[in-house]
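What follows is a single structure, written as structure tokens, with notes after it.
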Amino acid sequence: LKDEFLQAIQDLTGYDDVALIFFLLLDMVWIYTRWSPSWRRKLRLADESSARIIAHAQEQMEQQKEDQAKKNALGGGSGSSEASAITNPSLLQLILDAQDPDESTASCRRMLNKVEVLSEVKTISIAGFETSATTITWALFALVKHPDIQCRLADDIEKHAPSLTVQDITIHHVEKMEYLNAFFQEV
4 LKDEFLQAIQ DLTGYDDVAL IFFLLLDMVW IYTRWSPSWR RKLRLADESS
54 ARIIAHAQEQ MEQQKEDQAK KNALGGGSGS SEASAITNPS LLQLILDAQD
104 PDESTASCRR MLNKVEVLSE VKTISIAGFE TSATTITWAL FALVKHPDIQ
154 CRLADDIEKH APSLTVQDIT IHHVEKMEYL NAFFQEV
């Protein structure tokens, strides 16, 4: 039956490559679901929810920038000209601040537009959890198999974030953890 089905699809499409046929079938399923009313409703709800989350993050960023500017104006800030710096940005805030890497020079780079930000948020929400879970699984496997690496990672974390709790460690601390970053690059 499987061979008959495959032969029928090959006859219908004119393709002999099984992988190509598989992707054509996926495309057919995607087209059907894309145009089904219930699927469109679900996509619309996902877009609306993501847009609300993005708007909330933008409001928080603006508030943090205003607070930092006031603090700098009163002389309580670091005195830097970068009043808009957020001390502990979330992934969403980093996306909102992202600039198009395709522009030729840093001074000409444009910020991502609303559609691009929404697309990035949906991609991370849908695809990001699986890759993160896989990375964490392999990382834990490697740590179980290599206790010496566990010790080196613990030393690296202690070196760059001494006496901090997990909740107090920021992206800035993690960026300085050379061994941790190398470990995840390998995993």
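With positions in the sequence shown counted from 1, the corresponding number in this note's numbering is that position plus 3. Backbone N, C-alpha and C fix where the C-beta goes; we use that ideal spot for every residue, glycine too. Here the structure is a predicted model, which is why all the values come from computation and not from measurement.
So, with DSSP's three-state summary, where would you put residue i?
i      : result
Met180 : coil
Ile127 : helix
Ile172 : coil
Ser41  : helix
Ser122 : helix
Val190 : coil
Ser166 : coil
Leu77  : coil
On the DSSP bridge assignment, give the partners of residue i in chain order.
i      : result
Met114 : Gln102
Are the CB atoms of residue i and residue j nearer to each other than 9 Å?
i     : j      : result
Leu77 : Ile98  : no
Ile57 : Leu95  : yes
Leu1  : Leu156 : The question about residue 1 has no answer here: the residues shown for the chain are numbered 4 through 190.
Over the uninterrupted alpha helix (DSSP H) stretch that includes residue i, give me the two end residues.
i    : result
His1 : A question about residue 1 goes unanswered here, because the residues of the chain that appear run from 4 up to 190.
Pro2 : Residue 2 lies beyond the stretch modelled for the chain, which goes from 4 to 190, so this question has no answer here.
Does the stretch 176 to 186 come into contact with the stretch 148 to 163, if we say contact requires no fewer than three beta-carbon pairs (one atom in each stretch) closer than 8 Å? yes
Should the stretch 134 to 150 be regarded as contacting the stretch 113 to 121, the criterion being three or more beta carbon pairs within less than 8 Å? no
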